[in-house]
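First residue of the sequence shown: 85, per my numbering; consecutive thereafter. Every residue, glycine too, gets a C-beta built ideally from N, C-alpha and C. In what follows, a structure is listed as C-alpha cells, so that the remarks can point back to it.
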Amino acid sequence: MRFGIICLTRSIEDVAIAQLAEQVGFDFVGIADSQSVFRELYVMAALCAQATRRVRIGPAVTNPITRHPAVTASAMATLDEVSGGRAFLGIGSGDSAVLNLGERPASMAAMRDYVAAVRALLARQEAVYGGKPIRLAWPGRAVPIYLAAEGPRTLQMAGEIADGVIVNPGLQPDLLRDALANIYAGAQRAGRDPAAIDVSAMVRINVCEDVAAGLDEIKMELASNAHHVFRFTFEGKHVPPDLVGPIRRVQRAYQPAAHEHVGGTNAALVDDPVLLPYLAERFAIIGPPQVCAEKLRAIAAAGISSVLFTGFVQDRLRLIRLLGEQVLPRLL
C-alpha cells in the first residue's frame, strides 16, 4: 500500500507537515481547498513542493464551483513544474469551500464536464465549458486526476473518467468491496482497465493508547463524515434505518465555518450514544499502533491500493511521526 496525509493549512508553518510526512515514509500529501477556513491551496501546495523532494503533492480536494477549469489547469501545470512532476489533482463536488459562500455543491454532470475541460486544457487543447471556448495558451503538463466519491453513481462515474478515486464509504471490507465494484463497473462501461485506476480510502485515524480520549479528540471528523457522506442520498450507502434521523439532525446543524476544528461546535453534534459508536466503527481507526496496523491490513485485503489519512488532532506532527515510525513499518 501507499500512504498519504491530508494537510489542513491553518498556517504557512504547516509546510512542516509535508516535510515530516516525507521524512517518515509517506508517499503523498493532499492539501485541503477551503478558502474560507484554510490558507490558499496553491500557495501552500507550492511551498510544500519546494520543501520536499519525493512525495506527491496536490489538492485533496478542490471543486468546480470556486475554481474555473482554466484556473485549475494553469495552477496544476505550474505546481507540476515546481514539484518536478509530482503533482496530482483531487476534485470533489465541494463542501466547506462552497457552503461558506452560500453556494451549492456541484452536480455529477458539472463534475464530469469539469474533469473533461481540465484534461483538455492540460493537453494543450481548447475546451468548451459552460458553452464557451476556453484555452490554456502556455504548454500544459498532464497530471493524474482523482475524484472524491462515496455514492454508487459517483463511484461509477469516477471509474469512467478518473485516473484515481478517493473513496469514503466506510472502512469495513464489505463497504470497500462494494465501492470497488461500482468503480470497476464504471470503468468497464467506458472500456477502461479497472486495474489501472488507483483507489485510495480516506481513513480518520488517531494513534493512541486511550481509545476513549482518542475518539473524543476526533469527534468533529465523524460529524464531518455524517454531514458529507450522506448529504445527497442514503441510497446504496448501507445506513441502518434507525440512524437516518440522527444523521439528518447532524446535517441540519453542521457549521461549515467550524469545519474540522478540533473541539469546535460540530464535535457535540455526534454526542449520541448510538450514533457516535456507529460512526467511529464505520469511518475511524483509533487505538495503539498494533491495532491501527491490523485494521489497515484489512483495508488492504479488501483491494484498496492506498490510504489517505486525516487525523486532525491537536498535535498532528506527533501523529504523523507515530504513523510513520510505529504503524506503517508493521505493514511492510
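Assuming residue i contacts residue j under a Cβ cut-off of 8 Å, what Cβ separation, rounded to an integer in Å, is found between them?
i, j, result
"G243", "I281", "6 Å"
"I90", "T394", "5 Å"
"S120", "S180", "7 Å"
"I404", "A285", "Actually they are not in contact, since the Cβ atoms of I404 and A285 sit about 18 Å apart, beyond 8 Å."
"Y230", "L183", "Not quite, the Cβ-Cβ distance comes to about 22 Å (not below 8 Å), so this is no contact."
Three-state secondary structure (DSSP) at residue i?
i, result
"T93", "coil"
"V127", "helix"
"P253", "coil"
"K216", "strand"
"D247", "coil"
"N290", "strand"
"F367", "helix"
"I388", "coil"
"Y338", "coil"
"P153", "helix"
"V227", "coil"
"A233", "strand"
"R140", "strand"
Using the Cα positions of residue i and residue j, report the straight-line distance between them to the nearest angstrom.
i, j, result
"R273", "H345", "40 Å"
"L163", "R336", "37 Å"
"A428", "P257", "In the structure displayed, the chain extends from 85 to 416; residue 428 sits before or after that span and is not available."
"A161", "E187", "27 Å"
"L327", "L359", "7 Å"
"G254", "F314", "11 Å"
"P324", "R219", "47 Å"
"R333", "D356", "11 Å"
"R400", "N252", "21 Å"
"I331", "A207", "42 Å"
"G169", "A271", "26 Å"
Near residue i, which residues of its chain fall below 7 Å by C-beta distance, leaving aside the five closest residues on each side in sequence?
i, result
"Y338", "A307, H311, N350 and L353"
"V295", "I370 and G371"
"A159", "Y126"
"V227", "M160, D164, A171, F172, L173 and L206"
Less than 6 Å between C-beta atoms, sequence neighbours within five positions excluded: which residues of the same chain meet that for residue i?
i, result
"A129", "I115, I141 and L163"
"E293", "P372"
"I289", "I369, F393 and G395"
"V212", "none"
"N266", "P236, L239 and Q240"
Measuring CB atoms only, is the stretch 131–151 touching the stretch 366–383, in the sense that at least three cross pairs come out at less than 8 Å?
no
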